[in-house]
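Residues in the sequence shown are numbered from 965 upward in steps of one, following my numbering.
Please read the structure below before turning to the comments.
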Amino acid sequence: MDRQPADFIEFQVPFRDVDMHGEMFKSAYVARAEEALASFWKRRPAAADELHFTVGKITCSFHAALRLHDQVRMDVHVSKIGGKSAGFLVRMVRDGESDAAAEAEILWIACDRQNKEPVALPEDLRDWLYEFLD
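As structure tokens, this is what we get:
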């Protein structure tokens, strides 16, 4: 990651998100990554003709388990901008460490609100996303 993250949020791993071994459930990584991306998305300029976005793909790479009460910072990066889609990388880093414990890649596809068919990303949205592209 060459650039600073587009956004970040922090959380502490709660009891509800851990298994009997004290490690965070794998599904919680995806939910947290989507939470971080939603926080970033709130920063975008308002659009009169708001698109509908659907998740085209989510992948998560696990490097080191997050554990109960770990303090975690999630950095959001724009990883790719396509004609009809945008890709994001959410890095989860345990407090006091520099290497990611996990990384989630999320691909959003822009769709028409009525028929849900894929449509091109508007130029103004593409320009805004390019400000954060790694």
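Virtual Cβ for every residue (Gly too), placed ideally from N, Cα, C.
Cutoff 8 Å; reference residue 1075; Cβ partners in own chain excluding five residues on either side: By one-based count along the sequence shown, residue 1075 stands at place 111. So the list reads 1015, 1016, 1017, 1018, 1081, 1082 and 1083, once near-sequence residues are dropped.
Per DSSP, cross-strand counterpart(s) of residue 1035: Mapped onto the sequence shown, residue 1035 falls at position 71. Residue 1035 is bridged by DSSP to 976.
Identity of the residue in 1003, 1094, 1087 and 989 nearest residue 1031 by Cα: Locating residue 1031 in the sequence shown gives position 67, where the first residue counts as 1. Measuring from the Cα of residue 1031, the nearest candidate turns out to be 989.
Below-8 Å beta-carbon distance, residue 1017 vs any chain B residue: As a matter of chain content, chain B is missing from the structure shown, which is built from one protein chain.
Residue interval of the beta strand (DSSP E) (run including residue 1071): Position 107 of the sequence shown, counted from the start, is the residue given in the question as residue 1071. Counting along the chain, the beta strand (DSSP E) containing residue 1071 begins and ends at 1066–1075.
Other residues of its chain near residue 993: CB distance less than 8 Å, five sequence neighbours each side excluded: For the purposes of this step, residue 993 is taken as the residue at position 29 of the sequence shown. 1024, 1026, 1030, 1056, 1066 and 1068, listed in sequence order.
CA-to-CA distance, residue 983 to residue 1045, given in whole angstroms: Here the question's residue 1045 lines up with position 81 in the sequence shown. Here the question's residue 983 lines up with position 19 in the sequence shown. Between residue 1045 and residue 983, the C-alpha separation is close to 36 Å.
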